[in-house]
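Residue numbers (the working numbering): 4 to 260. For each residue, glycine too, the CB sits at the ideal point set by N, CA and C. The next block holds one structure in the form of structure tokens; read it before the comments.
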């Protein structure tokens, strides 16, 4: 392979797109792959949040494009998948990370709640992959990394809608990886454990809940977005050439305990 005489984790010359890239897990993915050499297109709803992450990436000497996008609008998703090639010349790596949650029990949830979660977490994720495949095939290299969840595997009260969507992400990762296995595109997912982000900050400060999380995590701490960086770089890189269809927990040992 081309990297056998060099660094298999080097992403220099590669172009990545990260949805949900303005904060939390997505911003961690973006910083990690930029640090490994990739140029990055950042997408999220908030331009202000995107610019903050973009400044960090520019400071690394990388090219970066900011693309405010609402992924619940499939027309915007289709246009976004063309942007890496249009702006930076190619499209190699896609972190399919945009997500949302409404923590409600089945008794509390409405059809609108269901669609709000699934339109972003599952429908948008599926069609984003569909629209990314063509540009990746044209470039001869593709790495799609979906964001799954612990709830892809286990049930949690108040997370039935979110868990259903993330279970779907895990299964479509496996199915689409199989469909594309004879192409240059590899499809995998990262399933984060409890990572301290803006989305989880309130729960982090709930003593009873946080103590419960720590009791389940062998490392006895919450994760940070940077803890996902090594897995993100590996799955983006030539080092993962023979890896596809996997959902990899990054959870401090929760799923292994």
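Which listed residue (the options) has its alpha carbon closest to that of residue i
| i | options | result |
| --- | --- | --- |
| residue 159 | 140, 67, 66 and 212 | 212 |
| residue 190 | 181, 230 and 232 | 181 |
| residue 103 | 124, 244, 186 and 187 | 124 |
| residue 203 | 27, 11 and 20 | 27 |
| residue 65 | 72, 17, 147 and 223 | 17 |
| residue 54 | 15, 37 and 25 | 25 |
| residue 175 | 9, 101 and 151 | 151 |
| residue 60 | 173, 207 and 40 | 40 |
| residue 237 | 22, 36 and 15 | 36 |
| residue 68 | 141, 206, 170 and 21 | 21 |
| residue 73 | 115, 126, 111 and 38 | 126 |
| residue 135 | 15, 14, 13 and 19 | 19 |
Same chain, Cβ closer than 7 Å to residue i, five either side skipped, listed in chain order
| i | result |
| --- | --- |
| residue 109 | 163 |
| residue 247 | 180, 184, 189, 190 and 191 |
| residue 23 | 29, 47, 100, 101 and 102 |
C-alpha distance - residue i paired with residue j, whole-angstrom precision
| i | j | result |
| --- | --- | --- |
| residue 256 | residue 219 | 9 Å |
| residue 90 | residue 82 | 12 Å |
| residue 50 | residue 57 | 10 Å |
| residue 178 | residue 241 | 21 Å |
| residue 87 | residue 70 | 10 Å |
| residue 165 | residue 52 | 24 Å |
| residue 249 | residue 63 | 30 Å |
| residue 229 | residue 30 | 9 Å |
| residue 34 | residue 117 | 32 Å |
| residue 223 | residue 85 | 42 Å |
| residue 259 | residue 193 | 15 Å |
| residue 11 | residue 147 | 17 Å |
| residue 100 | residue 121 | 13 Å |
| residue 186 | residue 214 | 45 Å |
| residue 167 | residue 157 | 10 Å |
| residue 113 | residue 119 | 10 Å |
| residue 172 | residue 9 | 34 Å |
| residue 48 | residue 200 | 17 Å |
| residue 98 | residue 243 | 15 Å |
| residue 143 | residue 239 | 14 Å |
| residue 216 | residue 14 | 34 Å |
| residue 170 | residue 245 | 24 Å |
| residue 206 | residue 141 | 44 Å |
| residue 115 | residue 155 | 22 Å |
Bridge partners - residue i, DSSP secondary structure assignment
| i | result |
| --- | --- |
| residue 1 | Here the chain covers residues 4 to 260 and nothing more, so residue 1 does not appear. |
| residue 189 | 146 |
| residue 195 | 253 |
| residue 100 | DSSP, once it has assigned bridges, lists no residue as partnering residue 100. |
| residue 292 | Given that the chain is displayed from residue 4 to residue 260, the structure contains no residue 292 and the question cannot be resolved. |
| residue 226 | 198 |
| residue 138 | Looking at the DSSP assignment, residue 138 forms no beta bridge with any residue, so it has no partner. |
| residue 47 | 71 |
Beta-carbon contacts of residue i that lie in its chain and below 6 Å, excluding the five residues immediately before and after
| i | result |
| --- | --- |
| residue 196 | 153, 226, 254, 255 and 257 |
| residue 188 | 139 and 145 |
| residue 233 | none |
Same chain only: Cβ atoms within 8 Å of residue i, ignoring 5 sequence neighbours per side
| i | result |
| --- | --- |
| residue 161 | 106, 107 and 108 |
| residue 231 | 28, 31, 32, 35, 193, 195, 198 and 253 |
| residue 251 | 191, 192, 193, 194, 234 and 238 |
Check whether the region 67-84 touches the region 124-137, taking contact to mean three or more Cβ pairs, one atom from each stretch, closer than 8 Å. Flag = yes, the region 67-84 and the region 124-137 touch.
Three or more beta-carbon pairs under 8 Å between the region 84-98 and the region 38-58, yes or no? Because the criterion of three Cβ pairs below 8 Å is met, the region 84-98 and the region 38-58 touch.
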